[in-house]
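Beneath this line is the structure, given in C-alpha cells, with notes to follow.
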Amino acid sequence: MILLKDILQKLNTSYENISEEIFIESIKRNKNTNEAFFVINSKRDLEETFKNEIEDIFSKNLDEYKIYIDFKSSSLYKSEDDLICAEILKYNPSSKIWIDDIEINKNEKIGTIDITLPSEEAFYSLSQNGFASFLQKELKIFGDFNIKFDFEKNEFEEDSIEDFICQIEEAEEVISTKHKEEVKTKIEKKSKEKNTKKSDSYGKKDLGTIERLIDVNVNSQKVSVEVDIFNIESRELKNGNFLISLSITDYTSSTLAKIFLKPEKAEEFLESFNKGDHVIITGNVSYDNFSRCDTIMIRYIEKRDKIIRRDYSDDKRTELRIHSKMSQMSGVTSFTDFANRAKLWGHDSIGISDTNDVQGFPEAMEAAEKTGLKILYGTDINFVDDKEKLLQITKREKLMILMWFLI
Numbered sequence: 001m002i003l004l005k006d007i008l009q010k011l012n013t014s015y016e017n018i019s020e021e022i023f024i025e026s027i028k029r030n031k032n033t034n035e036a037f038f039v040i041n042s043k044r045d046l047e048e049t050f051k052n053e054i055e056d057i058f059s060k061n062l063d064e065y066k067i068y069i070d071f072k073s074s075s076l077y078k079s080e081d082d083l084i085c086a087e088i089l090k091y092n093p094s095s096k097i098w099i100d101d102i103e104i105n106k107n108e109k110i111g112t113i114d115i116t117l118p119s120e121e122a123f124y125s126l127s128q129n130g131f132a133s134f135l136q137k138e139l140k141i142f143g144d145f146n147i148k149f150d151f152e153k154n155e156f157e158e159d160s161i162e163d164f165i166c167q168i169e170e171a172e173e174v175i176s177t178k179h180k181e182e183v184k185t186k187i188e189k190k191s192k193e194k195n196t197k198k199s200d201s202y203g204k205k206d207l208g209t210i211e212r213l214i215d216v217n218v219n220s221q222k223v224s225v226e227v228d229i230f231n232i233e234s235r236e237l238k239n240g241n242f243l244i245s246l247s248i249t250d251y252t253s254s255t256l257a258k259i260f261l262k263p264e265k266a267e268e269f270l271e272s273f274n275k276g277d278h279v280i281i282t283g284n285v286s287y288d289n290f291s292r293c294d295t296i297m298i299r300y301i302e303k304r305d306k307i308i309r310r311d312y313s314d315d316k317r318t319e320l321r322i323h324s325k326m327s328q329m330s331g332v333t334s335f336t337d338f339a340n341r342a343k344l345w346g347h348d349s350i351g352i353s354d355t356n357d358v359q360g361f362p363e364a365m366e367a368a369e370k371t372g373l374k375i376l377y378g379t380d381i382n383f384v385d386d387k388e389k390l391l392q393i394t395k396r397e398k399l400m401i402l403m404w405f406l407i
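So for the sequence shown, full-length UniProt numbering puts the first residue at 1; every next one is plus one.
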C-alpha cells in the first residue's frame with residue numbers, strides 16, 4: 001500500500017493537511033497508448049476540488065502519459081455526523097429514542113466537535129467508560145478532533161427556579177423593613193410546605209398509566225410503575241454529583257431506577273426514601289451499559305400506602321409450620337416479619353419449624369416479646385427406622401478396628 005502523501009513528496013509537491021488514510025491501491029500503464037491508470041482509495045469521500053487538484057498534479061509531473069484516476073471510498077460513513085450517530089446507537093441501543101434530537105457542531109479550525117444531547121441521562125450515559133476517546137479514534141478517518149459532550153438544560157428546572165427565587169429575594173432588600181419581614185414570613189411558610197411535600201415525593205408530578213415491570217423495555221420510553229424498594233445505593237461521581245440507584249420490584253419482575261442529583265439534593269432524597277418503601281416512579285427507560293440492564297431514569301417519585309392483605313375471619317387460624325431464612329434453600333423471610341404479619345392479622349400464636357435446625361429460636365423468642373404472640377417451637381427432622389441395620393460389621397472387622405486404635 002502506497003500512501004498518496006509519499007508519492008506527492010517524491011514529486012516534490014507539497015500538499016497541506018493531507019490525510020494518511022488516502023493511499024494508491026493500484027497503478028497500471030499502457031505503453032502502446034501512453035496511458036496511466038491510478039486507483040486511489042480513501043476511508044472517506046473526497047471533495048471534488050481535491051480530486052481535481054490531484055489529477056492536475058499527476059498530469060503535470062507525468063506529462064508523457066494521459067492520466068486516468070479512479071477515486072474510491074471504503075468508508076461506511078459519508079460524514080462525521082453519520083459516524084457519530086451510528087457509533088452512539090451501537091454503544092447505547094436505547095439512544096434510538098433521542099438520536100434525532102442531538103446537535104453536532106464541528107469546528108475544523110480548532111479541531112473540535114461539540115455534541116449536545118437532549119437530556120442529562122443521555123449525557124451521563126455517553127460520558128462514561130471512555131466513549132469520547134473511542135469516538136475520537138473512529139473519527140480519525142475524517143481528521144483529528146476533540147470530542148466534547150454537553151446536554152440541554154431546561155431553563156425551568158428546579159435549580160433555575162431556586163436561582164430565580166434568590167434574585168427576587170435580593171430585589172426585595174430595597175423594600176421597607178416591615179414589608180420585607182412580611183414577605184420573608186410568607187416565603188418561609190411556603191418553603192416549609194414545599195419541604196413537607198418533598199418528604200413524600202420528588203420531582204415534578206407526572207403520573208401515567210401504571211405498567212408492570214415485566215412489560216417495560218427500551219421501547220417503552222416514558223413509563224409509570226408502582227413498586228417496592230428493596231435496596232438503595234449511592235455513588236459520588238467525579239463532578240461531585242451523586243448517582244442514586246434504587247433496586248425495585250412489583251413481583252412480576254425487578255430492575256433498577258436511577259437519578260443524578262447534586263449533593264444537597266441527594267441528601268434530601270436519601271432522607272425521604274428508604275428500603276422497604278412502596279412508591280410510584282415515572283421516568284424514561286434506557287439501557288444502562290454500566291449495570292447491563294434496562295434502567296428507569298427517575299423524573300418523578302412518590303410514596304404510596306401499600307395495600308396489605310387482611311384477615312377478616314372471626315376464627316383465626318394458627319400457622320404451625322413456618323420455614324424462616326434459617327431453613328437453607330427453603331426459606332428467605334425472617335421470622336420477625338412472619339410474626340409481625342401474624343400480629344397484624346389478629347393471630348394469637350404462630351409456629352416455627354425450620355429444616356434440621358433450631359437456629360431460628362432466639363429470633364422467635366425476641367419476636368414473642370415484641371408482639372405478644374405465643375410461639376410454638378418445633379423443627380423438621382429426618383426419621384430413621386431403628387429396626388433397620390444401617391451398618392453391619394463382622395467380628396473380623398471389629399478386631400481390625402480395635403487393633404488400629406491400639407496401635
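The beta carbon of each residue, even a glycine, is placed where N, CA and C say it ideally should be.
For clarity, every value in this text was computed on a predicted model and none was experimentally measured.
Residue i (DSSP reduced to helix, strand or coil)
i, result
"residue 365", "helix"
"residue 54", "helix"
"residue 134", "helix"
"residue 285", "strand"
"residue 337", "helix"
"residue 273", "coil"
"residue 155", "Only weak support is given to the placement of residue 155: the predicted model assigns it a pLDDT of 47, under 50, and the value that follows is read from those uncertain coordinates. In the structure shown, residue 155 sits in coil (DSSP, three-state: anything other than H, G, I, E or B)."
"residue 13", "coil"
"residue 214", "helix"
"residue 41", "strand"
"residue 268", "helix"
"residue 47", "coil"
"residue 261", "strand"
"residue 196", "Residue confidence is low: residue 196 scores 46 on pLDDT, short of 50, so the model does not pin down where it sits. Its coordinate-derived value is still stated next. In the structure shown, residue 196 sits in a helix (DSSP, three-state: H, G or I)."
Terminal residues of the alpha helix (DSSP H) in which residue i lies
i, result
"residue 204", "Segment: none, residue 204 is in no alpha helix (DSSP H) and carries neither H nor E."
"residue 310", "Neither: residue 310 is in no alpha helix (DSSP H) and is coded neither H nor E."
Segment limits, beta strand (DSSP E) that includes residue i
i, result
"residue 228", "222-236"
"residue 321", "319-322"
"residue 7", "Taken as a continuous stretch (DSSP letters only), residue 7 belongs to no beta strand (DSSP E), being part of the alpha helix (DSSP H) at 4-10."
"residue 449", "Since the first residue of the chain shown is 1 and the last is 407, residue 449 is not available in this structure."
C-beta contact flag for residue i and residue j at 8 Å
i, j, result
"residue 368", "residue 336", "no"
"residue 280", "residue 236", "no"
"residue 294", "residue 326", "no"
"residue 88", "residue 79", "no"
"residue 40", "residue 71", "yes"
"residue 412", "residue 259", "Nothing about residue 412 can be reported from this structure: the residues present for the chain run from 1 to 407 only."
"residue 316", "residue 348", "yes"
"residue 276", "residue 257", "no"
"residue 334", "residue 363", "yes"
"residue 67", "residue 73", "no"
"residue 93", "residue 218", "yes"
"residue 200", "residue 300", "no"
"residue 270", "residue 241", "no"
"residue 149", "residue 111", "no"
"residue 285", "residue 221", "yes"
"residue 212", "residue 252", "yes"
"residue 115", "residue 84", "yes"
"residue 320", "residue 376", "yes"
"residue 151", "residue 120", "yes"
Identity of the residues DSSP links to residue i by a beta bridge
i, result
"residue 295", "256, 286"
"residue 350", "319, 375"
"residue 300", "282"
"residue 30", "35"
"residue 355", "380"
"residue 68", "37"
Q: Run through the stretch 73-152 for me and flag every whole beta strand (DSSP E) of 3 or more residues, listed as ranges in chain order.
A: Inside the stretch 73-152, DSSP marks whole beta strand (DSSP E) runs of 3 or more residues at positions 103-107, 112-117, 146-151, from first to last along the chain.
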